[in-house]
Structure formats: C-alpha cells, structure tokens
Amino acid sequence: MQVFVTGASGWIGSAVVDELIADGHEVVGLARSDASAATLAAKGALVRRGDLDDLHGLRAGALEADAVVHLANKHDFHDMAATNAAERAATETLGAALEGTGKPFLLASGLAGVAPGRLATEHDPSPFHGPGSARGGSENLLLEHTARGVHAVAVRFSPTTHGVGDRGFTGVLTSIARAEGVSGYPGDGSTRWAAAHVRDAARVVALGLTKAPAGSRLHAVAEEGITTREIAEAIGAALDLPVAPVAPQDVAGHFGWIGGFFALDMAASSALTREVLGWTPTGPTLLADIAAGAYTG
Ligand SMILES: NC(=O)c1ccc[n+]([C@@H]2O[C@H](COP(=O)([O-])OP(=O)(O)OC[C@H]3O[C@@H](n4cnc5c(N)ncnc54)[C@H](OP(=O)(O)O)[C@@H]3O)[C@@H](O)[C@H]2O)c1
C-alpha cells in the first residue's frame, strides 16, 4: 500500500514510518523542512513537501495514496485555538479527499477527558465535539466519515509515549524538575497516566492499517495507569532530586502549560485493541525507561 503519513518526521511518526516500511508499504511522508525531508528520505520514504496549513497539498497527498495516517500537529500549547483549528481543517480535508473510496484513514488522538476517574475503553466516545473543542473535535469528526465511505480509525496514544529521544510530556516534566530542583507531582499524586513505548505505539498504527474495523478506536496503551507520584519519584531518582507534592493552586505556576495535563487522570485499557490487532506490547515500561536514563542520559 502507498501510505501518506503526516507528522512522519515526529517522535511517533518516525517510529511509524519504520514499522510501515518494515511491513512492505511505500511511505510518502509530509515534510515542511529540508531537515525533515532528509530524515525521511534516509529511512527510504518518499517525501511530499508541505505544511499542515497547505490544504491543497494535503488533499493531493490523500488522493494519490491508498491510505492516510495523520499524525502531524502544531502542538503550540500557548495558542491551542490555532493548533485545534489546524487539526480540524486537516482532518476535514483529508477525510473529504477519501470520501467514497473505502480507504483507511488513521488519525492520532488522545485520552484526555475520555474517562477521568476510571479506565477508559475503546467503547468510550471522545467528549470533544466541534471546532472549539480539544483537538478541534477531530476524533469525532474522523469517525463521522465512516458513514461517508471512509475506513476511519482513531488511534488514541498514551499521554506518555516514551523512549530514548522523547521530548514530549515526560521530557518536559524532566526539564521542569531539573529547573526547579525538585520533582513535583500534582495534589496527592494519585491521578494516573497510561503509557506505551514508542515502538509499541507505532506497531498499533501499522497493525491498525490492515486489521482495525472501520469506525473503531484503538488504544496504544501498554500500561493502564502509572500514578503521577510514581512518575515524579522515578524522575527524582534519575536526577537525584527531592520529590514533593505541588498543591492544586500551585500546579499551573510550578508546571506551566503542562500542569493541566499532568493533573488529568488518563488511565486506559487496551484489551479490545490487543484482541482486534493481536498486539502484545514488548517494549520497556515507563519507569524502566526513566530509570535507565532515557530522559537524563
Ligand atoms: N507523544 C505522545 O505522547 C502523544 C500522546 C497523545 C497524542 N499524541 C498525538 O500523536 C501525534 C504525534 O505526536 P508526536 O509526539 O509524534 O508529535 P511530534 O514529535 O511533536 O511531531 C509532530 C509532527 O508534526 C509535524 N508538524 C508540526 N507542525 C506542522 C506543520 N505546521 N506542518 C506540517 N507538519 C507539521 C512535525 O514536523 P517537523 O518534524 O517538521 O517539526 C512532526 O513531524 C500528534 O497528533 C500528537 O498530538 C501524542
């Protein structure tokens, strides 16, 4: 299959490209810079130059491909309105290009807000609808395309999709601990984050491309829930720093933009994903990765 991958040069995207090529697919990766284009070409992927805001380019990439995997995201946490608007526009454009074709369209989503206080399952719908909501409501928008002849599949990544080289949430938390001289956790530290090693998460995408039913949600979740206190303790041990609670009213000041995410309960099951895909995660756990120096080495 020729697979058009947006975000192909990113943390998860790079691992997805490796998996897709290993499975014998031809990958066309979207790249907005010479550096990203060179990285993709070195992996053996074809390159489509373009930006997420170039909707004509996104449409052309989707029309030419046998499948689309949409992983790009602006991730401007200081301008979430613009980030979410771009995500919705890209989803609309890619979905419209695939209407009536029956082609797979896999889209990155997350676990925030899905089922706080309990394990989210693949049956739980995203609570976000419409342009003004988180991620521009892209997961629900994607799944609406099932009725329009698109083989739509949402892939919910764990809030920490970890490994050596990750500059995402666990990387940011490690930097904050280093800067503050203390590894903090919000409140009583009992809220949980699901986790997966990046190679395991990428395998979910590659398997989902051929095995996930249209309209389904996949959970790229290897560990159901690690408490924020456990995460802070592991970071503190790796950096040889004290570990301390951060009172709810101080969370935003201490952690900045990531405080709201760190305080969110995002535990999830992947039982259905494992069954449907025949997927068994094999990578290291989050705490093992942190202890082995993945974030401090
Ligand atoms: N990592 C996680 O733990 C996690 C958890 C839940 C959900 N997700 C979602 O999973 C997806 C992949 O995440 P990630 O961690 O791999 O993100 P990432 O490392 O930040 O990569 C983002 C990708 O998007 C591309 N991109 C950003 N702005 C763009 C633009 N204006 N035009 C074209 N491309 C653009 C980047 O290209 P450059 O290489 O040129 O910068 C990069 O390839 C995202 O939708 C993310 O929100 C991730």
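Using numbering that gives the first Met the number 0, read the sequence shown as starting at 0 and increasing by one per residue.
Even for Gly, the Cβ is constructed at its ideal location relative to N, Cα and C.
Fair warning: this is a prediction, and the values are worked out from it, not measured in the lab.
Set against 8 angstroms, the gap from the CB of N72 to the closest heavy atom of ligand 1 is smaller. Under the three-state reduction of DSSP, F127 is assigned to coil, being neither helix nor strand. Straight-line spacing of the CA atoms in G162 and A146 works out to 37 angstroms. Straight across, the Cα-Cα distance linking A231 with G188 is about 9 angstroms.
If you draw a 10 Å sphere on the C-beta of F76, you find fewer than 16 other C-beta atoms in it, and that means exposed. In terms of Cβ geometry, A114 and S215 do not form a close pair [threshold 9 angstroms]. Note on E63: under 16 other CB atoms within 10 angstroms of its CB, so exposed under the neighbour-count rule. Annotated three-state conformation of H69 is strand, per DSSP.
L206 and A270 have their C-alpha atoms roughly 15 angstroms apart. Relative to T90, the option among S32, A36, V149, T284 whose CA is nearest is V149. In this structure, DSSP gives E25 an extended state, which the three-state scheme calls strand. Taking all protein chains in view, the Cβ of T209 is surrounded by fewer than 16 other Cβ atoms within 10 Å, so the residue is classified as exposed.
A201 has its alpha-carbon roughly 24 angstroms from the corresponding atom of E143. By the C-beta density criterion, R228 is buried, having at least 16 other C-beta atoms within 10 angstroms.
In this structure the region 132-140 does not touch the region 96-105; the number of beta carbon pairs closer than 8 angstroms is below three. Ranking T173, T279, G277 by CA distance to the CA of V242 puts T173 first.
The DSSP-derived three-state label of E121 is coil. When the beta-carbon positions are compared, A111 and L263 come within less than 9 angstroms of each other. Counting along the chain, A243 sits inside the beta strand (DSSP E) bounded by residues 242-245. Counting along the chain, no beta strand (DSSP E) covers S132, and no H or E run does either.
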